Amino acid sequence: MTKKKNMIARICGLLIVLTLISCCFLGTTFARYTSNVSGTASVTVAKWDIDFGDASTGINLTWGEDKLSPSAQGYDTVGQAVTTNTTDLVKVATIKNEGDVDALVTITGANGTALAEEAHPDRVTCNAAYTDTITVDAVKGLFTITFTDNQGSPLTSNTFTVSSHDSYDVYAIVTWTTDYSKCTSAKAAEAVDALDTYVGQYVTSVSWDVEFTAVQSSELPA
846 MTKKKNMIAR ICGLLIVLTL ISCCFLGTTF ARYTSNVSGT ASVTVAKWDI
896 DFGDASTGIN LTWGEDKLSP SAQGYDTVGQ AVTTNTTDLV KVATIKNEGD
946 VDALVTITGA NGTALAEEAH PDRVTCNAAY TDTITVDAVK GLFTITFTDN
996 QGSPLTSNTF TVSSHDSYDV YAIVTWTTDY SKCTSAKAAE AVDALDTYVG
1046 QYVTSVSWDV EFTAVQSSEL PA
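The sequence shown finishes on residue 1067 if you use my numbering, and the numbering steps up by one all the way, no holes.
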């Protein structure tokens, strides 16, 4: 009888142990085999590298010994608008794009004309077309600068594109314009000629300080 009780007690103890073990796994799902690997994702940044050469901080455009005079053609008849004379085409900058994207370059500041005048007597008094004394603004108005490509074609809005890993040569010309558009007689045209003469006598040079600005104009991937 005692042996039978001991057997029952052992069986009950075993059942309790098995019950506890099964409770440990209750609600648990056994995982499948898994593998993993780690790595690094990267992208190469497109290079931005623009070389303005001498224009890196703004350049001073001068024609040096390439002198400019007004046109030899004077006033001829009523209705004659202007006569002009222009310098030779001169290269003023080479823009190099060593980067990986295109660059749109804009030229600004070309209207900042500076004048170098020698000592002179009283300014010439004009009449008709010029009712006031000769002024610096009147002198500035005689000269215009035009930026071009290497064929002499004017740059539209003073902008141009330099492709990636390419270069672009910028040229310019200066034009002296004698404006007879307000003149109704040869007598009135004398004032216009007087302004040209004044510049020839007392203005030693005309120059422009300009700035080149480049901005990205393409992207990668294209």
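For each residue, glycine too, the CB sits at the ideal point set by N, CA and C. None of the values given here were measured: they were computed from a predicted structure.
For residue i, the three-state DSSP class (helix, strand or coil)
| i | result |
| --- | --- |
| D1041 | helix |
| N1003 | helix |
| Q1046 | helix |
| V984 | helix |
| K1032 | helix |
| G903 | The predicted model places G903 with a pLDDT of 47, which falls under 50 and marks its position as unreliable; any figure quoted below should be read in that light. Here G903 sits in coil by DSSP. |
| Y975 | The pLDDT assigned to Y975 is 46, lower than 50, so where the model puts this residue is not dependable; a value taken from the coordinates is nonetheless given after this. Three-state result, Y975: coil. |
Proximity winner among the options, relative to residue i (alpha-carbon distances)
| i | options | result |
| --- | --- | --- |
| D933 | S1063, G898, S1062 and I1018 | I1018 |
| V927 | E1035, V1048, W1053 and W1021 | W1021 |
| P915 | V1060, D1024 and S1063 | D1024 |
| V808 | T879, G884 and V946 | The chain is shown from 846 up to 1067; residue 808 falls before or after that span and cannot be answered. |
| V812 | D894, T922 and Y878 | An answer regarding residue 812 cannot be provided, because it is not within the stretch 846 to 1067 covered by the chain. |
| T991 | S883, S1052, G1045 and V984 | S1052 |
| A1034 | T879, G919, G898 and E943 | G919 |
Per DSSP, cross-strand counterpart(s) of residue i
| i | result |
| --- | --- |
| S1012 | K941 |
| V890 | Bridge partners of V890: none, in fact. |
| E1056 | T953 |
| A1017 | V935 and F992 |
| A948 | V1007 and Q1061 |
| N930 | W1021 |
Burial state of residue i, where buried means 16 or more other Cβ atoms lie within 10 Å
| i | result |
| --- | --- |
| D911 | exposed |
| T885 | exposed |
| L1065 | exposed |
| N881 | exposed |
| Q1061 | exposed |
| D1041 | buried |
| V950 | buried |
| A917 | exposed |
Whole-Å CB distance - residue i paired with residue j, under 8 Å assumed
| i | j | result |
| --- | --- | --- |
| T953 | T1058 | 7 Å |
| Y1016 | T993 | 5 Å |
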